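Report on the structure given below.
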Amino acid sequence: PNEIIIADDGSRESTRKLIEEYKDILSIPTIHSWQEDYGFRLSKSRNRAIALASYEYIIVVDGDMVLHKDFVKDHKRFAQEGIYVQGSRVLLQEEFSKNLFEQKKFIQPTFFSKEVKNKINLFRLPLISIIFSYFKNQNINRVRGCNFSLFKKDIIKVNGFNEEFKNWGKEDSEFVQRLFNSGIYRKNLKFSGIQYHLYHKEGFADNCNIDILNNTIKKKIKRCSNGIKKYL
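Going by our numbering, 154 is the number at position 154 of the sequence shown; the sequence numbering is gapless.
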């Protein structure tokens, strides 16, 4: 990548120190976008970080992901204006993830590895992924905020992520629905853009978040009122 921007929603001083250490190691410009911890504010954190981006194409990943060595190259290969590129993930289960932390070394799982789910996503098959890329849709199912990419101007077009989301869940789906309402299409990045999800317990979206999403679908809302604009 041309730069790395870390969207940090209120981590501790130890995280800042670790990032500073890696800044000295990495040859890539790295920006630490930090905000105070006032509860769940993922949308705000992402908006602030994206606003700082100096380049036109944005790849978004979560902090609980390990990326395949060709992850960025795969996303760049399918970059297209007016297209939201949705990747998928390999799910590392509790014991596998625990072992990685104990060994302090990433061991790439195989199809025969235990404690691994979504094994079909282990395979990187660039030619097959090109075939999948010919198909575009506006399907809101299986939106994953941990692995996607699109042009920055398309994010700004819908005013970024909706900061009315105060709890976990559906903020990614609502963002993508506004992209669809604005005429942007989705392409699925299959057998490319591989990432490995470290185990943790999943949360559940509350009714308020579901209501915001349903309202965006029903009223075909294209731009949220509380989004990225104020940081630009």
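Built from N, CA and C at the ideal position, the CB exists for glycine as well.
Every value quoted in this text rests on a predicted model; they were computed, and no experiment measured them.
Using CA coordinates, which residue listed in Y196, S182, I212 is at the minimum distance from H68? As a working note, residue 68 is residue 68 in the sequence shown. Nearest of Y196, S182, I212 to H68, Cα basis: Y196.
Counting along the chain, where does the beta strand (DSSP E) carrying Y185 start and finish? The residue you call residue 185 lines up with position 185 of the sequence shown. Residues 185–188.
Output needed for A79: all residues of its chain with C-beta closer than 6 Å, excluding positions within five of it in sequence on either side, in chain order. If you number the sequence shown from 1, residue 79 lands on position 79. Closer than 6 Å at the Cβ level, and outside the excluded window around A79, lie Y57.
Under the assumption that K222 contacts R178 (Cβ atoms under 8 Å), give the Cβ distance between them as a whole number of angstroms. Your numbering for residue 222 matches position 222 in the sequence shown. Your numbering for residue 178 matches position 178 in the sequence shown. Indeed, because the Cβ distance is near 6 Å, the residues count as touching under 8 Å.
Cα-Cα separation between N162 and N121, rounded to whole angstroms: Taking the sequence shown and counting its residues from 1, the one referred to as residue 162 is at position 162. Taking the sequence shown and counting its residues from 1, the one referred to as residue 121 is at position 121. Their backbone Cα atoms lie some 30 Å apart in a straight line.
Coarse secondary structure for D8, derived from DSSP in three states: The residue you call residue 8 lines up with position 8 of the sequence shown. The answer is strand: DSSP assigns D8 an E or B state.
Could you name the residues that DSSP lists as bridge partners for H197? Taking the first residue of the sequence shown as position 1, residue 197 is located at position 197. Partner(s): M65, L91.
Complete runs of the alpha helix (DSSP H) confined to the region 9–63 [at least 4 residues]: 13–25, 42–52
Nearest candidate by alpha-carbon position, reference K218, set I31, L150, E174, I4: Translated into positions along the sequence shown, residue 218 becomes position 218. Considering only alpha carbons, the answer is E174.
Can you list, in chain order, the residues of its chain with a C-beta nearer than 8 Å to that of C208? Leave out the 5 residues immediately preceding and following it. The residue you call residue 208 lines up with position 208 of the sequence shown. Within the same chain, C208 has close Cβ partners K166, N167.
Q177 (DSSP reduced to helix, strand or coil): On the sequence shown, position 177 is the one that residue 177 refers to. The answer is helix: DSSP assigns Q177 an H, G or I state.
Tell me which same chain residues have a C-beta within less than 8 Å of the C-beta of K170, skipping the five on either side of it? As a first step, residue 170 must be located in the sequence shown, where it is residue number 170. Closer than 8 Å at the Cβ level, and outside the excluded window around K170, lie A205, N209, I210, I212, L213.
Whole-angstrom C-beta distance between N159 and I59, which should lie under 8 Å: Residue 59 sits at position 59 when you count from the first residue of the sequence shown. Residue 159 sits at position 159 when you count from the first residue of the sequence shown. No, I59 and N159 are not in contact; Cβ-Cβ is about 20 Å, not under 8 Å.
How many angstroms separate the CA atom of P1 from the CA atom of I155? Translated into the one-based positions of the sequence shown, residue 1 becomes position 1. Translated into the one-based positions of the sequence shown, residue 155 becomes position 155. Spanning the two alpha carbons is a distance of roughly 19 Å.
Taking the Cβ atom as the reference point for each residue, do F191 and L92 lie within a distance shorter than 7 Å? Here residue 191 corresponds to residue number 191 of the sequence shown, with the count starting at 1. Here residue 92 corresponds to residue number 92 of the sequence shown, with the count starting at 1. Result no, Cβ atoms of F191 and L92 do not sit closer than 7 Å.
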